[in-house]
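Engineer:
Protein chains in written order, with this note's numbering: chain B, 1 to 160; chain W, 161 to 313.
Listed below in structure tokens is the structure:
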């Protein structure tokens, strides 16, 4: 049984983890495969563009955030993936040399309606840079195995 | 019409379908190794024991492949200023090695910026489909687009 199961998360709990220093090479490699817009690929061309320099694809910032979540707690947990992301906002550009970390707040938890062995945890996430600026926010749900499948209704908090 | 697709050129209610990406097991493991190293995205055996029942791509990998198809479709056309984000992203079905993905996108509304007269924002219902015509992922994406500059006809 994993160290962290659905039962171990508490509404209002905060977790902080990371960080990752973003390199120019990583930015260009991701952009070449997944987001080949000029301001993610070419440092020279990006200088003249709206963002004033090479910036990471927002999807890569999401990927860095996910990696930090996995290293920070998901791989110690009974994680079983996610049904989705309610909302994500890219607030500030991420540039080579930026150091990112994540701050998470557990918003609610509920039992799965369809799978007795699974519970859901909704959290908000802030990805911050080295200047404590929030570069990205996200509200999303994770599915976690239950230590006690199909438990009592009082284990369910928040909206069912 | 040649050249860039400006804010004025985006048509509300029009659906475009495009892209063809076949994802391999190597790509699934390579992406997951960097961005989502959970066992069910890395190892067939571990994935079989999980909710996924077999190796499945990270949802963020599906999103990244979607982005590639979007950029390839609009390359050189779009006067894009990026995106502030998205809403209501759902991962609905696992994406497996060998799946062939494509994108279906419909502009659902657009509005001019009140603070920045040179641009507007458009919202799109975007779906990623597999070869069985199942929707594997959907989201509502917002794109910021330049308005046609006054000097152009």
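For every residue, glycine included, the Cβ atom is placed at its ideal position computed from N, Cα and C.
Rounding to the nearest angstrom, what Cα-Cα distance links residue 154 of chain B and residue 71 of chain B in this structure?
Structural biologist: Within the first chain, the letter at position 154 stands for residue 154 of chain B. Within the first chain, the letter at position 71 stands for residue 71 of chain B. Legend: pLDDT at residue 154 of chain B = 47, less than 50; position of this residue unreliable, value from coordinates given subsequently. Straight-line Cα distance between these residues: approximately 31 Å.
Engineer: Check whether the Cβ atoms of residue 263 of chain W and residue 179 of chain W sit closer than 7 Å, and answer yes or no.
Structural biologist: Indexing the second chain from 1 puts residue 263 of chain W at position 103. Indexing the second chain from 1 puts residue 179 of chain W at position 19. In contact: residue 263 of chain W and residue 179 of chain W (Cβ atoms closer than 7 Å).
Engineer: Of the residues B:83, B:67, B:99, B:59, which one's Cα is nearest the Cα of residue 89 of chain B?
Structural biologist: Here residue 89 of chain B corresponds to residue number 89 of the first chain, with the count starting at 1. Ranking B:83, B:67, B:99, B:59 by Cα distance to residue 89 of chain B puts B:59 first.
Engineer: Quick one, which of B:22, B:12, B:39, B:121 has its alpha-carbon nearest residue 81 of chain B's?
Structural biologist: As a first step, residue 81 of chain B must be located in the first chain, where it is residue number 81. Taking only the C-alpha atoms, the option nearest residue 81 of chain B is B:121.
Engineer: Is residue 171 of chain W helix, strand or coil by DSSP?
Structural biologist: By one-based count along the second chain, residue 171 of chain W stands at place 11. It is coil, neither helix nor strand.
Engineer: Give me the chain W residues within the contact set of residue 58 of chain B, using Cβ-Cβ distance strictly less than 8 Å, ordered along the chain.
Structural biologist: Within the first chain, the letter at position 58 stands for residue 58 of chain B. Here the neighbours are 242, 243, 245.
Engineer: Under the DSSP definition of a beta bridge, which residues are partnered with residue 20 of chain B?
Structural biologist: Residue numbering aside, residue 20 of chain B sits at position 20 when the first chain is read from its first letter. Partner(s): B:100.
Engineer: Within the same chain, show all residues whose beta-carbon is closer than 8 Å to that of residue 287 of chain W, passing over the 5 residues directly before and after it, in chain order.
Structural biologist: As a first step, residue 287 of chain W must be located in the second chain, where it is residue number 127. If we look at residue 287 of chain W and ignore the five residues flanking it on each side, its Cβ neighbours are 263, 264, 265, 295, 297, 298.
Engineer: What in chain W is Cβ-close to residue 67 of chain B, meaning under 9 Å?
Structural biologist: Along the first chain, one-based indexing puts residue 67 of chain B at 67. In chain order: 194, 195, 196, 197.
Engineer: Considering only the beta carbon of each residue, do residue 271 of chain W and residue 302 of chain W sit closer than 7 Å?
Structural biologist: In the second chain, counting from the first residue as 1, residue 271 of chain W sits at position 111. In the second chain, counting from the first residue as 1, residue 302 of chain W sits at position 142. The answer is no: Cβ separation not under 7 Å.
Engineer: Quick one: does residue 180 of chain W have its CB under 7 Å from some CB of chain B?
Structural biologist: Numbered from its first residue, the second chain carries residue 180 of chain W at position 20. Chain B contact via Cβ: absent.
Engineer: Tell me which residues share the same chain as residue 78 of chain B and place their Cβ nearer than 6 Å to its Cβ, disregarding the 5 neighbours each side in the sequence.
Structural biologist: On the first chain, position 78 is the one that residue 78 of chain B refers to. If we look at residue 78 of chain B and ignore the five residues flanking it on each side, its Cβ neighbours are 2, 5, 144, 145.
Engineer: In the structure shown, what three-state DSSP assignment does residue 248 of chain W receive?
Structural biologist: For the purposes of this step, residue 248 of chain W is taken as residue 88 along the second chain, with counting starting at 1. Here residue 248 of chain W sits in strand by DSSP.
Engineer: Is it buried or exposed, residue 35 of chain B, if we count other Cβ atoms within 10 angstroms and call 16 or more buried?
Structural biologist: Residue mapping note: residue 35 of chain B aligns to position 35 of the first chain, counting from 1. With 16 or more Cβ atoms within 10 Å of its Cβ, residue 35 of chain B is classed as buried.
Engineer: Could you give the uninterrupted runs of the beta strand (DSSP E) lying entirely in the stretch 68–101 of chain B, keeping only those of 3 residues or more?
Structural biologist: Taking only runs of at least 3 residues, the beta strand (DSSP E) segments lying wholly in the stretch 68–101 of chain B are 84–90.
Engineer: Would you verify that the beta carbon of residue 231 of chain W is, or is not, closer than 7 Å to some beta carbon of chain B?
Structural biologist: The residue given as residue 231 of chain W occupies position 71 in the second chain. Chain B, which has a Cβ nearer than 7 Å to the Cβ of residue 231 of chain W, makes this yes.
Engineer: Is the separation between the beta-carbon of residue 14 of chain B and that of residue 105 of chain B shorter than 7 Å?
Structural biologist: Mapped onto the first chain, residue 14 of chain B falls at position 14. Mapped onto the first chain, residue 105 of chain B falls at position 105. Against a cut-off of 7 Å, the Cβ pair of residue 105 of chain B and residue 14 of chain B comes out as a contact.
Engineer: Using a Cβ distance threshold of 8 Å, determine whether the stretch 22–42 of chain B contacts the stretch 50–70 of chain B, with at least three qualifying pairs required.
Structural biologist: Flag = yes, the stretch 22–42 of chain B and the stretch 50–70 of chain B touch.
Engineer: Using CA coordinates, which residue listed in B:73, B:50, B:10 is at the minimum distance from residue 162 of chain B?
Structural biologist: Nothing can be reported for residue 162 of chain B, as the shown portion of chain B is limited to 1 through 160.
Engineer: Return the chain-ordered list of same chain residues with a C-beta closer than 7 Å to the C-beta of residue 189 of chain W, the five sequence neighbours on each side being excluded.
Structural biologist: For the purposes of this step, residue 189 of chain W is taken as residue 29 along the second chain, with counting starting at 1. Same-chain partners within the cutoff: 202.
Engineer: Just how far apart, CA to CA, sit residue 139 of chain B and residue 255 of chain W?
Structural biologist: As a position in the first chain, residue 139 of chain B is number 139, starting the count at 1. As a position in the second chain, residue 255 of chain W is number 95, starting the count at 1. Their Cα atoms are separated by approximately 23 Å.
Engineer: For residue 112 of chain B and residue 118 of chain B, what's the separation of their Cα atoms in angstroms?
Structural biologist: Position 112 of the first chain, counting from 1, holds the residue named residue 112 of chain B. Position 118 of the first chain, counting from 1, holds the residue named residue 118 of chain B. Roughly 6 Å between the two C-alpha positions.
Engineer: Residue 301 of chain W bridges to which residues according to DSSP?
Structural biologist: Within the second chain, residue 301 of chain W is the residue found at index 141, counting from 1. Note: residue 301 of chain W sits in a beta bridge opposite W:246, W:284.
Engineer: Pull up the CB-CB distance for residue 218 of chain W and residue 248 of chain W, whole angstroms please, since I reckon it's below 8 Å.
Structural biologist: Here residue 218 of chain W refers to the residue found at position 58 when the second chain is read from its first residue. Here residue 248 of chain W refers to the residue found at position 88 when the second chain is read from its first residue. Going by Cβ atoms, the distance from residue 218 of chain W to residue 248 of chain W rounds to 19 Å, so no, they are not a contact pair.
Engineer: Spell out a yes or no on whether the stretch 205–217 of chain W and the stretch 21–33 of chain B are touching, meaning 3 or more CB-CB pairs, one atom from each, closer than 8 Å.
Structural biologist: Output reads no: the stretch 21–33 of chain B does not touch the stretch 205–217 of chain W.
Engineer: Tell me which residue opens and which closes the beta strand (DSSP E) that residue 265 of chain W is part of.
Structural biologist: Counted from its first residue, the second chain places residue 265 of chain W at position 105. Counting along the chain, the beta strand (DSSP E) containing residue 265 of chain W begins and ends at 260–272.
Engineer: Under 9 Å Cβ-Cβ, which residues of chain W neighbour residue 75 of chain B?
Structural biologist: The sequence position of residue 75 of chain B within the first chain is 75, counting from 1. Correct list: 197, 198, 199.
Engineer: Tell me the DSSP secondary structure of residue 159 of chain B in three-state form.
Structural biologist: Translated into the one-based positions of the first chain, residue 159 of chain B becomes position 159. Because the pLDDT of residue 159 of chain B is 38, which lies under 50, any placement of that residue in the model is unreliable, and the number read from its coordinates should be weighed accordingly. Coil.
Engineer: Following the continuous beta strand (DSSP E) through residue 143 of chain B, name the residue where it begins and the one where it ends.
Structural biologist: For the purposes of this step, residue 143 of chain B is taken as residue 143 along the first chain, with counting starting at 1. Note, residue 143 of chain B: beta strand (DSSP E), 134–145.
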